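Input: a single structure, listed below in structure tokens.
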Amino acid sequence: MPKTFNPKISKLSRDKEWMPEGCLSVRPLYGKTWRSKKATVVAYDEDGKKFQRGASGLLAQIFQHETDHLNGILFIDHAKDVKEEKLS
Ligand SMILES: [Zn+2]
Numbered sequence: 001m002p003k004t005f006n007p008k009i010s011k012l013s014r015d016k017e018w019m020p021e022g023c024l025s026v027r028p029l030y031g032k033t034w035r036s037k038k039a040t041v042v043a044y045d046e047d048g049k050k051f052q053r054g055a056s057g058l059l060a061q062i063f064q065h066e067t068d069h070l071n072g073i074l075f076i077d078h079a080k081d082v083k084e085e086k087l088s
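In terms of our numbering, the sequence shown has 17 at position 17, counting the first letter as 1, and numbering is strictly consecutive.
Here you go:
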């Protein structure tokens with residue numbers, strides 16, 4: 001994947017599922033989020049050329065998590081079963 005500027009979600013699958021999720025910004029909180037199984041992002045590379053990248057599974061979840069951050073949203077704003085988990 002090239003360097004990515006101004007990414008935006010362009011497409012989300014209607015098919016969703018609860019996924020376990022955490023974030024370095026709110027460690028050690030973990031919960032479950034209702035995420036689309038597939039997501040497509042439109043962004044610009046370092047030459048200003050538009051490109052698109054689709055993903056499913058974990059990468060689709062990451063697209064949604066990270067673009068949420070760009071919009072000021074943390075996963076705990078919409079997650080369920082949020083709790084502290086101590087990782088050794
Ligand atoms: Zn995060």
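Glycine residues also receive a C-beta, built at the ideal position from the N, C-alpha and C atoms.
All values derive from a computational prediction rather than experimental measurement.
Subject >> Cβ-Cβ distance between residue 40 and residue 11 below 8 Å >> reply: Yes, the pair counts as a contact, with Cβ atoms nearer than the cut-off.
Original post:
Which residues mark the beginning and the end of the beta strand (DSSP E) in which residue 77 is found?
Top reply: Element bounds for residue 77: n/a, residue is neither H nor E.
Subject >> Simplified DSSP state of residue 10, which is helix, strand or coil >> reply: Residue 10 carries a strand assignment under DSSP once its states are collapsed to helix, strand and coil.
Subject >> For residue 2 and residue 16, the rounded distance between their alpha carbons >> reply: Their backbone Cα atoms lie some 27 Å apart in a straight line.
Original post:
Under the DSSP definition of a beta bridge, which residues are partnered with residue 35?
Top reply: The partner list for residue 35 (beta bridge, DSSP) reads 17.
Original post:
Who are the Cβ neighbours of residue 76 in its own chain at under 7 Å, not counting the five residues just before and after it?
Top reply: Same-chain partners within the cutoff: 26, 29, 31 and 82.
Original post:
Who pairs with residue 53 in a beta bridge, going by DSSP?
Top reply: For residue 53, which the question treats as bridged, DSSP gives the partners 41.
**OP:** From the DSSP output, read off the bridge partner residues of residue 83.
**Re:** Bridge partners of residue 83: 30.
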